[in-house]
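Working notes for the structure below.
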Amino acid sequence: QCKYQRRKLKGLVQWCKYSIPQVATLSSPLHALLHHNSNYQFTNNHRKAFNSIKKALTSSPFLCYTVYNGKAQFAMQTDASATAMSAILYQESD
38 QCKYQRRKLK
48 GLVQWCKYSI
58 PQVATLSSPL
68 HALLHHNSNY
78 QFTNNHRKAF
88 NSIKKALTSS
98 PFLCYTVYNG
108 KAQFAMQTDA
118 SATAMSAILY
128 QESD
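Quick note on my numbering: the sequence shown kicks off at 38 and runs consecutively.
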């Protein structure tokens, strides 16, 4: 992975940080790779951190049931680049 991809991952984690339990603990090994003076050596510790974040982002507690009470609004956020696109449907709640 290049530094650009690591920054993209950091941005995704920051954007979803309220939905990931213990996000600071999970992502701290990966944040160390973004320092300007760090040697890029992707160790087993970094792989474990990446897999833990990936599991947290794709596991069922990350998703929740919607509430159809007529009050909560749905919103969709989209993003696209030259290599990928994504969309997140979310519901604002009280």
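Glycine included, every Cβ here is placed at the ideal spot set by N, Cα and C.
- Name the two residues that bound the continuous alpha helix (DSSP H) containing Phe-87. For this step, residue 87 is matched to residue 50 along the sequence shown. Run containing Phe-87: 81-95, per the alpha helix (DSSP H) assignment.
- Query: What is the rounded straight-line gap between the Cα of His-68 and the Cα of Phe-111?
  - Reply: On the sequence shown, position 31 is the one that residue 68 refers to. On the sequence shown, position 74 is the one that residue 111 refers to. Taking the straight line joining both Cα atoms gives about 33 Å.
- Item | Exposed unless 16 or more other CB atoms sit within 10 angstroms - verdict on Ile-125 | The residue given as residue 125 occupies position 88 in the sequence shown. Exposed: under 16 other Cβ atoms inside 10 Å.
- Query: Going by beta carbon distance, what residues of the same chain come within less than 6 Å of Lys-40, once the five residues before and after it are set aside?
  - Reply: Residue 40 sits at position 3 when you count from the first residue of the sequence shown. There are no such residues.
- Task: Could you please give me the residues that DSSP links to Ala-124 through a beta bridge?
- Result: Here the question's residue 124 lines up with position 87 in the sequence shown. Partner(s): Thr-115.
- Query: For Ser-64, which residues from the same chain have a beta carbon less than 7 Å from its beta carbon, with the 5 sequence-adjacent residues on both sides left out?
  - Reply: Within the sequence shown, residue 64 is the residue found at index 27, counting from 1. Answer for Ser-64: Val-50, Ala-86 and Ile-90, listed in chain order.
- Range of the contiguous alpha helix (DSSP H) that encloses Val-50: The residue labelled residue 50 in the question sits at position 13 within the sequence shown. It spans 40-52 - the alpha helix (DSSP H) in which Val-50 sits, taken as one unbroken run.
- Message: To the nearest angstrom, how far is the alpha carbon of Ala-61 from that of Ala-109?
- Response: Residue mapping note: residue 61 aligns to position 24 of the sequence shown, counting from 1. Residue mapping note: residue 109 aligns to position 72 of the sequence shown, counting from 1. Approximately 30 Å between the Cα atoms of the pair.
- How would you label Leu-70, buried or exposed, when you count the other beta carbons within 10 angstroms and need 16 or more for buried? Here residue 70 refers to the residue found at position 33 of the sequence shown. Buried: at least 16 other Cβ atoms inside 10 Å.
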